[in-house]
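Novice: Numbering (this note's numbering), first residue to last: 13 to 498.
One structure, pasted below without further comment.
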Ligand SMILES: Cc1cc2nc3c(=O)[nH]c(=O)nc-3n(C[C@H](O)[C@H](O)[C@H](O)COP(=O)(O)OP(=O)(O)OC[C@H]3O[C@@H](n4cnc5c(N)ncnc54)[C@H](O)[C@@H]3O)c2cc1C
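Here is the structure:
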């Protein structure tokens, strides 16, 4: 008589996929597997923003269907994982619990506590890397310290060689019998109330995105077959669909960087992508920035709240609710800034170049604390990421590791003229000034009265006048920096 294997649990978190998920594969190889997602509602956890909650809801739905196609199922719970996970393991008599590692301070501490609790209960716990090419402690300086500058970081990361080939998705995922006590704890996706109802502001998100593993694979395939060719040049152009738009898929682990890496190399080598190696290298170096951000977050757990460079602790930020609100709503009077913030509000995403422009405008021209911008992005981005968001805001502020110098202040007009030369991006997101010609689209306040009248624009009424003078804002920012230095 053969004993049936003891059940396993795979605890899904930011790894909402079946392929290249070593922790899931290990659980499935060991026995029938309970696939679990817990909406973490501990008060000390930073709550997900609204756009991320919407994405999570759709991603869980997609994951659940993928599991069911393989005879599996996704059990949803809500509450404190530290209480719930040991309880579930006890209820089903799990011999093994697996998960994919996370790198933010709260998760690292939580996972360590849960691991020791489960091990004390006699269960095996195995964690794996599903999110990164290299984990934060694997890339160091020669003396073993964390890296602080991107170029040597990425050189050292590359020197570690190719990432392992991605694993296939499990073919079948047998589910253990669930005791009645456990089914009574389960909640539905509707119970989690992750999607907005009154009002339902998610129409633009639904139109723009297909969350889930299949949506991620389709986005990568589309990118490799087209926009990758020319990425090195065009990636800065918000008027062209020239980037991968993989960020929310990567954020929720619907696809992993090992898969992106290998698919990119094989598309270029096989000729399936008509892109030179240099475009692929540029694209993968952006994945490298994501890795570097995780490296920074792991070694600086308060990256979203504290200046990496403490000199900025004395910075004289302004408190200006009206200006902050005008910025959030895309009503600053600077078209490229407003277009970006409206793209964000409607679709939950913003082009990288425009993220830099709007962040620089908030921090430097308005002199508002980068943490206000980080928080707004956290709430509104579908790709709001604990590492990338915090690291990027600090990068623009000049307070971060390997950051842009504070005195580099983007001029939104020259940035607009350079990266949206025909104004197509601005016209798409700010229809009320779309009738302006290419000469005025980035600076409507310079248009003559006759041109404004023809375009049916009344500045200050149909579209705002600039809320700050660019030169005065720039001088004020430089003076603030000089005062901080002194
Ligand atoms: C102020 C600010 C805030 C940001 N907040 C986030 C955030 O919350 N989440 C997020 O994923 N990215 C963030 N970024 C980085 C970047 O803007 C987005 O990753 C990128 O625009 C996503 O589009 P894509 O997937 O088409 O990028 P692609 O150009 O196709 O790049 C591929 C992938 O590389 C990674 N990547 C690209 N650029 C960066 C970068 N500068 N830093 C770190 N990783 C990068 C992303 O995972 C991206 O999906 C922020 C940038 C700025 C300036």
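Glycine included, every Cβ here is placed at the ideal spot set by N, Cα and C.
As the structure is a prediction and not an experimental result, all values here were calculated from the model.
1) Cβ of residue 344 within 7 Å of Cβ of residue 463?
2) Hey, out of 384, 424 and 128, whose CA is closest to residue 406's CA?
3) Please specify which runs of the alpha helix (DSSP H), each continuous and at least 4 residues long, are wholly inside the stretch 265-294, giving them in chain order.
4) Hey, how far is the Cα of residue 371 from the Cα of residue 306?
5) Can we say the stretch 259-276 touches the stretch 24-32, given the rule of at least three CB pairs closer than 8 Å?
6) Express the C-alpha separation of residue 449 and residue 456 in angstroms, rounding to a whole number.
7) Only counting the same chain, and skipping five residues up and downstream in sequence, which positions put a Cβ closer than 8 Å to that of residue 284?
8) Relative to the alpha-carbon of residue 192, which residue among 121, 207 and 104 has its alpha-carbon at the smallest distance?
9) If you compare alpha carbons, which of 215, 474 and 423 is closest to residue 454?
10) Is residue 298 near ligand 1 - that is, is its Cβ less than 6 Å away from at least one heavy atom of it?
11) Using CA coordinates, which residue listed in 461, 418, 442 and 122 is at the minimum distance from residue 490?
12) Give, in chain order, every unbroken run of the alpha helix (DSSP H) that is at least 4 residues long and sits entirely within the stretch 65-100.
13) With a CB to CB cut of under 6 Å and the five nearest residues on each side skipped, what residues in its chain are close to residue 321?
14) Note the first and the last residue of the continuous beta strand (DSSP E) segment covering residue 493.
15) Between the beta-carbon of residue 66 and the beta-carbon of residue 219, is there less than 7 Å?
16) Count the other C-beta atoms from every protein chain shown that fall within 10 angstroms of the C-beta of residue 61, then say buried if there are 16 or more, exposed otherwise.
17) Tell me, which residues are paired with residue 140 by DSSP?
18) Measure the Cβ-Cβ separation of residue 496 and residue 292 and say whether it is below 7 Å.
19) Given 6 Å as the limit, tell me if residue 255 has its C-beta closer than that to any heavy atom belonging to ligand 1.
20) Could you tell me the alpha carbon to alpha carbon distance between residue 147 and residue 128, rounded to whole angstroms?
21) Would you check if there are 3 or more beta carbon pairs closer than 8 Å linking the stretch 327-339 to the stretch 431-439?
22) Using the beta-carbon count (16 or more within 10 Å), is residue 189 buried or exposed?
23) Confirm, please, whether the CB-CB distance from residue 169 to residue 308 is below 7 Å.
24) Three Cβ pairs or more, each shorter than 8 Å: is that satisfied between the stretch 93-113 and the stretch 37-44?
25) Compare the beta carbon distance of residue 30 and residue 181 with 7 Å and say whether it is the shorter of the two.
26) Quick test of your reading: residue 102 and residue 133, contact by CB under 8 Å. State the CB separation rounded to the nearest angstrom.
27) With DSSP run on the structure shown, which of helix, strand or coil describes residue 327?
28) Just to confirm, are residue 143 and residue 360 a CB contact at a threshold of 7 Å?
29) Have a look at residue 299 and residue 483 and give me their C-alpha separation to the nearest angstrom.
30) Are the beta-carbon atoms of residue 398 and residue 116 separated by less than 7 Å?
31) Using the rule of at least 16 other Cβ atoms within 10 Å of the residue's Cβ for burial, across every protein chain shown, is residue 377 buried or exposed?
32) Here's a check: name, in chain order, each residue in its chain whose Cβ is nearer than 6 Å to the Cβ of residue 439, leaving out the five neighbours to either side.
33) Please find out if some non-hydrogen atom of ligand 1 comes closer than 6 Å to the beta-carbon of residue 65.
34) Pick helix, strand or coil for residue 392, following the three-state DSSP scheme.
35) Just to confirm, does residue 395 get its C-beta within under 6 Å of one of the non-hydrogen atoms of ligand 1?
Specialist: In brief:
1) With contacts defined by Cβ atoms closer than 7 Å, residue 344 and residue 463 do not form a contacting pair.
2) 384
3) 269-282
4) 20 Å
5) yes
6) 10 Å
7) 236, 237 and 278
8) 104
9) 423
10) Closer than 6 Å to some heavy atom of ligand 1: that describes the Cβ of residue 298.
11) 418
12) Counting only runs of 4 or more, we get nothing.
13) For residue 321, where only same-chain residues beyond five positions count, the Cβ hits under 6 Å are 411.
14) Not the beta strand (DSSP E): residue 493 falls in the alpha helix (DSSP H), residues 482-497.
15) no
16) Result: buried.
17) Among the bridge pairs identified by DSSP, residue 140 is matched with 112.
18) no
19) yes
20) 21 Å
21) no
22) exposed
23) no
24) yes
25) yes
26) 7 Å
27) Note: residue 327 maps to coil in three-state DSSP.
28) no
29) 35 Å
30) yes
31) With a threshold of 16 other beta carbon atoms within 10 Å, residue 377 meets it and is buried.
32) 446
33) Not so, every heavy atom of ligand 1 lies at least 6 Å from the Cβ.
34) helix
35) yes
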